[in-house]
Amino acid sequence: MPKTAVAEAASAARERILAAAERRFATFGYRRTGIAEIAREAGVSAGTIYRYFESKEDVFRAVVRELHEAWLARARRALAGPGTAVERLGRLAQASVAFNRENSLINSVFRRDEEIVFAPLVDELHEQLVTQNVAMMADVIRDGIREGTLRDVDPQCAAFILFVGGDALNQVHNQRYYPYETVLPLYADITMQGLLPR
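Numbering (this note's numbering), first residue to last: 14 to 211.
Now the structure itself:
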């Protein structure tokens, strides 16, 4: 088999393993998910998993990192499109709702479920998430100040307030009271009002 075909097969197997692991962790939690269950779900042997990952913890870390990268890519797309700063930040809020709906594991990780036992990894990724999101949002707020659609505020501080408030809502939100799809856009709308020119 040519080297490129071997590399493609290896990459496909790794992606199947990560997709299966994400489903298992999201459905059954970390403790009730084993390598054997991940292998069965992925349609590979346990030995195949160990070719790519050292342990279940290593699989979990890779899954969380991939989710983190997927969110950042989606956030960048939402903010990069045309429109005013207000419209672009609105798209970011919509993207966040959609991403959380599509990725139930990310809710478990960043809501600090007691089953998630890798606090250092989660804290490190959460710190990166805050830093990278705040930087992207601050750039958009600067654009809004320049275009006159947002008032003259400290862009970094305003972005921090917007992101961390939405992040906190995600961590403590309980679907029994209000759907997340309702809560986050309303939060974004209310907070954005404070950024509009007076």
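All C-beta atoms in this analysis are idealised placements derived from N, C-alpha and C, irrespective of residue type, glycine included.
Item	Value
For V166, which residues in the same chain have their Cβ closer than 7 Å to its Cβ, ignoring the five residues on either side in sequence?	L208
Would you call A86 buried or exposed, if buried means 16 or more other Cβ atoms sit within 10 Å of its Cβ?	exposed
Shortest alpha-carbon distance to N113 belongs to which of T195, P168 and E70?	T195
For S109, does the count of other Cβ atoms within 10 angstroms reach 16, so buried, or fall short, so exposed?	buried
Where A201 and A98 are concerned, what is the direct C-alpha to C-alpha distance, given to the nearest angstrom?	13 Å
Taking the alpha carbon of V143 as the reference point, which residue from G56, L175 and G161 has its own alpha carbon closest?	L175
Do you know how far the Cα of V77 is from the Cα of S117?	12 Å
Does the separation of the CB atoms of P198 and T162 fall below 9 Å?	no
For L92 versus L80, is the C-beta spacing smaller than 9 Å?	no
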